[in-house]
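Numbering (full-length UniProt numbering), first residue to last: 1 to 273.
Dropping the structure here:
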């Protein structure tokens, strides 16, 4: 099996209930990630966060880890914005703020995850109307991102949290119908364990379109603590042609450091199969 590149979740701060393992500023988190054997971090942040991009570039060069992905969930969870909101001023703000995220990613030479900010279809709503609206806004953002060499990744999230893109097949059918360039699929083993009958088949369904991949076991603790067969999962990813980061986004159990250490140690063992 190939040697994979690993990333780890990070944020300036997060509650213990969030799947974030490194907390602090970006430069410090790059240092911690490298010391733990990771090649990159994903950064959970707000679009209005101000970063010292020169300091981040220097930290990347010094420690040998980089910022691989910008996670945009806080635009929804804190900013209460979504790309399908019925209020035009809220929806338009979501588009504008997503462009700020893209500008941020360009400066860090990273890509973007679009998860919660895509929004949810309201109860009783006309689903096609909202999906068409989402496609229209994603088309704008994908073109804006492509001009800046930034890729957009649609996260597949379980049905208990969202009601759009809860399975790999649903997400791929959206991509196939709307044909939006520069838009990829982001899979997460924890979410797959809820809504996919077979994670391997889900990966196969997305072959050639996977832009990012999250690792956690079925309980959302670090890989190796639960029921998932990561040997089969990694082999399926390799067969599907995925060549990006495997990012550990799991609960900080029993604590952040131990979870980070055990996750990469276990995945390195999996690679030997």
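The C-beta atom is built at its ideal place from N, Cα and C for all residues, glycine as well.
(request) Output yes or no for whether 7 angstroms exceeds the beta carbon distance between residue 241 and residue 212. (result) no
(message) For a quick check, are the C-beta atoms of residue 152 and residue 112 less than 7 angstroms apart?
(response) yes
(request) Flag this pair as touching only if the segment 185-192 and the segment 205-224 have three or more C-beta atom pairs under 8 angstroms; answer yes or no. (result) yes
(message) Using CA atoms only, rank isn't needed, just tell me which of 272, 248, 126 and 58 is closest to residue 261.
(response) 248
(message) Rounded to the nearest angstrom, what separates residue 37 and residue 264 at their Cα positions?
(response) 8 angstroms
(request) Classify residue 43 as helix, strand or coil using the three-state DSSP reduction. (result) strand
(message) Quick test of the definition: if touching needs 3 or more C-beta pairs under 8 angstroms, does the segment 218-233 touch the segment 167-178?
(response) no
(request) Quick one: grab the DSSP three-state call for residue 212. (result) strand
(request) Just tell me which of 162, 69 and 25 has its CA closest to the CA of residue 50. (result) 25
(message) Going residue by residue through the segment 56-82, where are the continuous beta strand (DSSP E) segments of at least 3 residues, counting only ones entirely within it?
(response) 66-71
(request) Return the CA-CA distance between residue 239 and residue 221, expressed in angstroms with no decimal places. (result) 26 angstroms
(message) For residue 200, report the span of its alpha helix (DSSP H) as first-last.
(response) 199-205
(message) Just verifying my parser: in three-state terms, what is the DSSP assignment at residue 140?
(response) helix
(request) Look at the alpha carbon of residue 2 and the alpha carbon of residue 271, and state the distance between them as a whole number of angstroms. (result) 7 angstroms
(request) Would you tell me roughly how many angstroms separate the C-alpha atoms of residue 40 and residue 34, rounded to the nearest one? (result) 8 angstroms
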